[in-house]
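Numbering (this note's numbering), first residue to last: 7 to 402.
All C-beta atoms, glycine included, are put in the ideal place defined by N, C-alpha and C.
As the structure is a prediction and not an experimental result, all values here were calculated from the model.
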Ligand SMILES: Cc1ncc(C[n+]2csc(CCOP(=O)(O)OP(=O)(O)O)c2C)c(N)n1
Ligand SMILES: [Mg+2]
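Below, the structure written as structure tokens:
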């Protein structure tokens with residue numbers, strides 16, 4: 007396996023000046039690490055050792071285990087390709103999921119087809135699990151469409167940039183599912199930073215009071231752009247749920263097996279009328295917030311390196327190798343598939359046609375609207391003015 011992101015991150019880091027590097031003492035870091043582990047649901051240690059948890063058991067077939075590995079490798083490859091495409095001017099922006107593959111693939115593979123997902127802007131791994139073609143995600147970041155996919159085709163809502171807003175959408179949707187008498191569940195993804203938003207508190211209240219079948223999946227990647235989690239909360243995030251009247255659990259977000267087991271259990275609770283649950287996936291954003299950000303300005307290398315040792319893909323691979331579940335031929339096959347995906351994505355992005363400039367006025371109202379018609383006419387006249395100017399310049 008190539009851990010492309012690691013090399014990429016190193017190369018972005020080298021050469022840039024950090025202004026506020028903080029040093030952590032090794033003893034303190036070790037104690038903090040232990041305290042962290044004590045609170046986590048973990049089924050696969052960072053060293054790739056399988057452990058049991060009294061509340062969350064999981065028994066996966068070799069094919070399922072290999073499938074999780076393949077999902078994570080391909081998602082990482084796609085993500086790295088997208089970052090490169092942005093650097094080459096093919097995308098306007100990219101929000102990398104590097105480091106969060108286990109949280110996303112584990113939770114994504116826990117879902118049933120009829121469940122409904124409300125993502126943020128970073129859930130490329132969940133999109134993968136839902137069967138959304140990766141090139142569709144890139145269309146939006148290239149600016150050639152306004153969303154990129156039909157949410158109802160895959161029960162995967164459009165990416166939401168307004169921090170925390172989708173937790174309300176998810177809650178409302180879940181209340182609808184409940185009224186329909188369906189046994190589907192809804193999952194809302196959000197970040198540690200989003201947990202400070204009023205929208206999230208409101209959705210916690212509503213979902214608790216109405217016992218809505220929704221799972222709140224918080225990827226605590228330790229940072230909200232340049233703000234650390236300490237600036238969002240004085241208690242571990244998962245404990246917030248208690249005050250609202252539903253359970254919260256912290257799972258090792260770099261352990262794909264634990265993320266799968268915990269999310270499955272949370273979805274099952276929701277399905278069986280036991281109401282919402284908060285899952286805090288304790289993970290790390292290995293890359294920049296987006297391609298517009300430079301994390302070397304505000305966080306220490308030591309921290310990032312410590313998380314590199316907890317890499318989600320490496321630990322599963324170590325386990326699979328130790329159990330004899332993969333061999334060189336299998337790994338080479340995944341490598342080939344991953345290269346082919348990168349190539350396909352690159353070619354597809356470059357071939358994307360520029361959008362019809364009038365498309366922005368479509369799909370605003372189901373039956374049209376006088377104001378939109380007026381704006382459309384104004385914009386058409388404005389565009390035509392360029393054609394007139396070009397024609398006049400040619401005549402002269
Ligand atoms: C309502 C709102 N406020 C501010 C922003 C700007 N903004 C974009 S991303 C972000 C940080 C989000 O952090 P977090 O919730 O931890 O998610 P992460 O990016 O780490 O996945 C902010 C403040 C926004 N998009 N929407
Ligand atoms: Mg965050």
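Legend entry - Proximity winner among 194, 246, 178, 185, relative to residue 166 (alpha-carbon distances): 194
Inset, instruction - Starting from the C-beta of residue 98, find all residues in its chain whose C-beta is less than 8 Å away, skip the five residues before and the five after it, and write them out in chain order. - result: Cβ neighbours of residue 98 beyond the five flanking positions: 92, 147, 148, 149.
Legend entry - Stretch pair the stretch 384-395 + the stretch 124-143: three plus CB contacts closer than 8 Å: no
Inset, instruction - Pick out whichever of 87, 326, 63 has its Cα sitting closest to the Cα of residue 347. - result: 87
Inset, instruction - Verify the contact flag: residue 126, CB atom, against every heavy atom of ligand 1, threshold strictly below 7 Å. - result: yes
Legend entry - Neighbour-count burial assignment, residue 188, 16 or more Cβ in a 10 Å radius: Residue 188 should be labelled exposed.
Legend entry - Burial state of residue 244, where buried means 16 or more other Cβ atoms lie within 10 Å: Label assigned to residue 244: buried.
Inset, instruction - Return the residue from the list 81, 55, 192 that minimises the CA-CA distance to residue 278. - result: 192
Inset, instruction - Specify, as a first and last residue, the run of the alpha helix (DSSP H) that residue 329 falls within. - result: No residue range can be given for residue 329, since it is assigned to no alpha helix (DSSP H) and is classified by DSSP as neither H nor E.
Inset, instruction - Taking 8 Å as the cut-off, decide whether the C-beta atoms of residue 257 and residue 287 are in contact. - result: yes
Inset, instruction - Take residue 260 and list the residues in its own chain whose beta-carbon comes closer than 6 Å to its own, dropping the five residues that flank it on each side. - result: Only 108, 289, 316, 318 meet the Cβ criterion.
Inset, instruction - Between the Cα of residue 84 and those of 344, 354, 391, spot the shortest distance and give me the residue it belongs to. - result: 344
Legend entry - 4 or more residues per run - each alpha helix (DSSP H) lying fully within the stretch 229-269: 246-250
Inset, instruction - Could you tell me which of 292, 153, 283, 363 sits nearest to residue 228, measuring between CA atoms? - result: 292
Inset, instruction - With a threshold of 16 other CB atoms inside 10 Å of the CB of residue 203, please say whether the residue is buried or exposed. - result: buried
Legend entry - Residue from 252, 305, 312, 302 whose Cα sits closest to the Cα of residue 283: Selected option, being the one with the closest Cα: 252.
Legend entry - residue 201 and residue 238 closer than 8 Å at C-beta: yes
Legend entry - Which of helix, strand or coil DSSP assigns to residue 184: helix
Inset, instruction - Work out the CA separation of residue 160 and residue 169 for me, nearest whole Å. - result: 22 Å
Legend entry - residue 196 CB to nearest heavy atom of ligand 1 below 7 Å: yes
Inset, instruction - Since I believe residue 197 is in contact with residue 176 (beta carbons under 8 Å), could you give me their beta-carbon distance rounded to a whole number of angstroms? - result: About 14 Å separates the two Cβ atoms, so there is no contact after all.
Legend entry - Collapsed DSSP secondary structure at residue 27 in the structure displayed: Reliability fails at residue 27, whose pLDDT of 43 lies under 50, so the model's placement of it is uncertain and the value that follows must be treated cautiously. If DSSP states are grouped into helix, strand and coil, residue 27 belongs with coil.
Legend entry - Within 8 Å, strictly: CB atoms of residue 354 and residue 141: yes
Legend entry - residue 3 CB to nearest heavy atom of ligand 1 below 7 Å: It is not possible to answer for residue 3, since the shown part of the chain is limited to 7 through 402.
Inset, instruction - Round the Cβ separation of residue 131 and residue 114 to the nearest angstrom and send it over; I've been treating them as touching at under 8 Å. - result: 6 Å
Inset, instruction - Taking only the alpha-carbon atoms, compute the straight-line gap between residue 335 and residue 72 and give it to the nearest angstrom. - result: The straight-line gap from Cα to Cα measures roughly 13 Å.
Inset, instruction - Would you check whether ligand 2 has a heavy atom nearer than 7 Å to the C-beta of residue 287? - result: no
Inset, instruction - Note down, in chain order, each residue of its chain lying with its Cβ closer than 6 Å to the Cβ of residue 28, except the 5 sequence neighbours on either side. - result: Low confidence applies here, because residue 28 scores a pLDDT of 48, under 50, leaving its location unreliable; read the following figure in that light. The answer, listed in chain order, is 306.
Legend entry - Proximal residues to residue 1 (C-beta, below 7 Å), its chain only, five neighbours per side dropped: Here the chain has residues from 7 to 402 only, and residue 1 is not among them.
Legend entry - Bridge partners - residue 283, DSSP secondary structure assignment: 221
Legend entry - Distance between residue 375 and residue 280 (C-alpha atoms, nearest Å): 43 Å
Inset, instruction - Mind listing, in chain order, the continuous beta strand (DSSP E) runs of no fewer than 3 residues lying wholly within the stretch 158-205? - result: 192-197
Legend entry - Distance cut-off 7 Å: residue 154 Cβ against heavy atoms of ligand 2: False, no ligand heavy atom lies under 7 Å from that Cβ.
Inset, instruction - Please classify residue 151: does DSSP put it in a helix, a strand, or coil? - result: coil
Inset, instruction - Return the first residue and the last residue of the alpha helix (DSSP H) that residue 79 is part of. - result: 68-93
Inset, instruction - Indicate the three-state DSSP secondary structure (helix, strand or coil) for residue 226 in the structure shown. - result: strand
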